[in-house]
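Below is one structure; the comments refer to it alone.
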Amino acid sequence: MFTLAAALSLAAQAPVPGDAEDAAELEAIESCALPGEAPGARAKWAIIDARAMTSPADLAAALRAAPAGHRRIVRGGSFKGADMREPATLLANACLVSTDLDGTNWENTIVPGLRLVRVALTNAKATGARWSWGSMHGTNFAGTNFTGADLYGIRFVSAWQGADFGEVSFRAATLTDASFACGITVDEWCINATPDLTDANLTGADISALGLWDARMNLGVTLDNTTVSPRSLVNLGGARINGPLRLATYFTPTYPNGEYVPVTATISAEEARTIIDGTLAASAEVDRPSFDCAKAATPVETMICDEYEYVLRRYDLELAEVWRDLRAAGKGDLAAQRRWLKSRSACEDRACLSDLYEARLAVLRGQLGPGITLAPGQSVTYHGRLLPLPEAMRSGALYGRIVPVLIDASDQSVTLTGNPDGSIAATGSAIGGNAHMCDLGVEAARFDRATGWWSAVSAETGAKVPLFRIEGRRILFRYSGNLGGTPEEAGEFISCGARAGFADGLDLTPR
2 MFTLAAALSL AAQAPVPGDA EDAAELEAIE SCALPGEAPG ARAKWAIIDA
52 RAMTSPADLA AALRAAPAGH RRIVRGGSFK GADMREPATL LANACLVSTD
102 LDGTNWENTI VPGLRLVRVA LTNAKATGAR WSWGSMHGTN FAGTNFTGAD
152 LYGIRFVSAW QGADFGEVSF RAATLTDASF ACGITVDEWC INATPDLTDA
202 NLTGADISAL GLWDARMNLG VTLDNTTVSP RSLVNLGGAR INGPLRLATY
252 FTPTYPNGEY VPVTATISAE EARTIIDGTL AASAEVDRPS FDCAKAATPV
302 ETMICDEYEY VLRRYDLELA EVWRDLRAAG KGDLAAQRRW LKSRSACEDR
352 ACLSDLYEAR LAVLRGQLGP GITLAPGQSV TYHGRLLPLP EAMRSGALYG
402 RIVPVLIDAS DQSVTLTGNP DGSIAATGSA IGGNAHMCDL GVEAARFDRA
452 TGWWSAVSAE TGAKVPLFRI EGRRILFRYS GNLGGTPEEA GEFISCGARA
502 GFADGLDLTP R
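Read in this note's numbering, the sequence shown has 335 at position 334, and its numbers run on one by one without any break.
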């Protein structure tokens, strides 16, 4: 049974760790401090040692026994599957540290100012809860149901190995002025950062650190003076945009940083809808070959149109587009192209057809030419393609306003510079999960007409290594630099950590 002497200790000053309390635990308790709270305020903390507790009734008794006017700090406790609605009435402005609340029931509770630090609030029931102006630091929410909850002004901070939002429901919840702070290193990850925001109110909220990868999870969400990442716009087609949006990435930092100044751009609701419509049009997946599958007449065409042969369909469409560009440039041997088309009939499986297309694409790209010419000293820089847009939208005042945000949000940058001998120097970097990095360094790449790639010669083997090609505004890499798919000879020029890699890039310069 609950014993006051065992469960309740009062803090006359900042908490001092006991023999079994390590520095990390002390840090967690110190994290209960409110923003701007003076160190002297700890004299008004009532620290409840709940590490041996499993009963909500015992916790409620300890909370009632705390001195009036003292802020309650609950350390530890395992209340798995418990009904927490009784102690919840005593937790306003309290702080729970390292507490196990898996599967607990908080439905319709009213707990303003609640602070959770390193807490497992997983698979919990919190429908209709009213937890305004709370703050959650390093708390795991996986599987918790906040449907219809009032979470006005709440702050979610991913810290101490991140926070998991997998299968979290914020359906029809009020998240006005809420913020989600995440980062790219393990200790700051917002894991599975695609909570269900259907019909939620995000007026004034900062969701710029969330991926929002699934458009179905954002249907009916209300946005007004909301901060969003530009990479999320493509998945907000079903949102209600009632006011301006602020574009930024990681606008709210996970840890206080007075020197951090986020790059932002504010766009009107109408401008936001224009951009969203453009991203949807530009990112629509094209899963078709160059011909009508309904009229497939040969075994090869039938193979290409098979349900799962999307790679072959992409090759076929790409080859048709390259051939079209060749003909428009007055190039291309029509008789040779017809002979190649006839040769396809010899292929009886996917591997044969794939190899055939890759070889033909190399020939045609080589004929098409280098795709870029740079005068000595002239440079062009490519960034990540995080916001797909039609080419017609990459000009004008609106695009000019959002370009700085797109550059700031990009996870890679590659610069090509012309050399006096006509070759091209390439430098670049990219960042991936847990801040793993990539590096690109090429002193002199030359266009190889035999392969269609800009290539460099290995100093060790003398082999010609294909590296990149240019298609209009895009740069495409032959190898990502990641160890999993990059040959050893390419490592002289391009290399990455385990969680990083170069992807297709885009010249974002307004036209």
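Using N, Cα and C, we set each Cβ at its ideal position, and we do this for glycine too.
{"Check": "Element boundaries [beta strand (DSSP E), containing K465]", "Outcome": "K465 to E472"}
{"Check": "Cβ separation of F469 and G482, assumed to be a contact under 8 angstroms, to the nearest whole Å", "Outcome": "About 11 angstroms separates the two Cβ atoms, so there is no contact after all."}
{"Check": "A21 versus W134 - alpha carbon distance", "Outcome": "Confidence at A21 is low in this model, with a pLDDT of 46, below 50, so the placement of that residue should be treated as unreliable; the coordinate-derived value is given next. When rounded, the distance between both Cα atoms is 33 angstroms."}
{"Check": "Per DSSP, the bridge partner or partners of K517", "Outcome": "Residue 517 falls outside the range modelled here, since the chain spans only 2 to 512, and no answer is possible."}
{"Check": "Proximity below 8 angstroms, CB of V264 to CB of D409", "Outcome": "yes"}
{"Check": "The segment 125–134 in contact with the segment 99–116 per 3-pair CB rule at 8 angstroms", "Outcome": "yes"}
{"Check": "Nearest-angstrom Cβ-Cβ length linking G419 and G385, presumed shorter than 8 angstroms", "Outcome": "About 23 angstroms; that fails the 8 angstroms criterion."}
{"Check": "Cβ contact check for the segment 434–446 and the segment 336–344: 3 or more pairs under 8 angstroms", "Outcome": "no"}
{"Check": "Residue from A143, L407 and G331 whose Cα sits closest to the Cα of P511", "Outcome": "L407"}
{"Check": "A501 versus A436, R450 and A460, residue with shortest Cα-Cα distance", "Outcome": "A436"}
{"Check": "Separation of R119 from L507, as counted between CA atoms", "Outcome": "40 angstroms"}
{"Check": "Residues near V466 by beta carbon distance below 7 angstroms, same chain, minus five either side", "Outcome": "S456, A457, S459, E490, A491 and F494"}
{"Check": "L60, buried or exposed, once every other Cβ within 10 Å from all chains shown has been counted against 16", "Outcome": "buried"}
{"Check": "Secondary structure of M394, DSSP reduced to three states", "Outcome": "helix"}
{"Check": "According to DSSP, residues forming a beta bridge with P377", "Outcome": "G419"}
{"Check": "Contacts around T175, its chain only, beta-carbon distance under 8 angstroms, and the 5 residues preceding and following it disregarded", "Outcome": "A150, D151, L152, Y153, A201 and N202"}
{"Check": "Delimiting residues of the beta strand (DSSP E) encompassing L281", "Outcome": "Segment A270 to S284 is the alpha helix (DSSP H) holding L281; no beta strand (DSSP E) there."}
{"Check": "Nearest-angstrom Cα separation, counted from W214 out to Y316", "Outcome": "27 angstroms"}
{"Check": "Selection from A216, A173 and T177 that minimises the alpha carbon distance to A194", "Outcome": "A216"}
{"Check": "I305, enclosing alpha helix (DSSP H) - first and last residue", "Outcome": "P300 to I305"}
{"Check": "Outcome for R361 when other beta-carbon atoms lying within 10 angstroms are tallied against a minimum of 16", "Outcome": "buried"}
{"Check": "DSSP-derived helix/strand/coil call for W134", "Outcome": "coil"}
{"Check": "Per DSSP, cross-strand counterpart(s) of R116", "Outcome": "C96 and S136"}
{"Check": "Backbone secondary structure at S79 - three-state DSSP", "Outcome": "strand"}
{"Check": "Cβ-Cβ distance between K81 and D50 below 8 angstroms", "Outcome": "no"}
{"Check": "Candidates E260, A273, K332 and C348: closest to P300 by CA position", "Outcome": "C348"}
{"Check": "Exposure label - C294; buried when at least 16 CB within 10 Å", "Outcome": "exposed"}
{"Check": "Any 3 or more C-beta pairs closer than 8 angstroms across the segment 169–185 and the segment 240–248", "Outcome": "no"}
{"Check": "First and last residue of the uninterrupted beta strand (DSSP E) at C497", "Outcome": "I495 to C497"}
{"Check": "Those residues which DSSP pairs with V443 across a bridge", "Outcome": "A427"}
{"Check": "D409 - DSSP class collapsed to helix/strand/coil", "Outcome": "helix"}
{"Check": "A34 versus T374: straight-line alpha-carbon distance, rounded", "Outcome": "58 angstroms"}
{"Check": "Span separating the alpha-carbon of I208 from that of S180", "Outcome": "6 angstroms"}
{"Check": "The segment 86–98 touching the segment 64–73, judged by at least three CB pairs closer than 8 angstroms", "Outcome": "yes"}
{"Check": "DSSP beta-bridge partners of G513", "Outcome": "Nothing about residue 513 can be read from this structure; the chain reaches only from 2 to 512."}
{"Check": "Limits of the beta strand (DSSP E) - the one that S346 falls within", "Outcome": "That residue, S346, is in no beta strand (DSSP E); it is neither H nor E in DSSP."}
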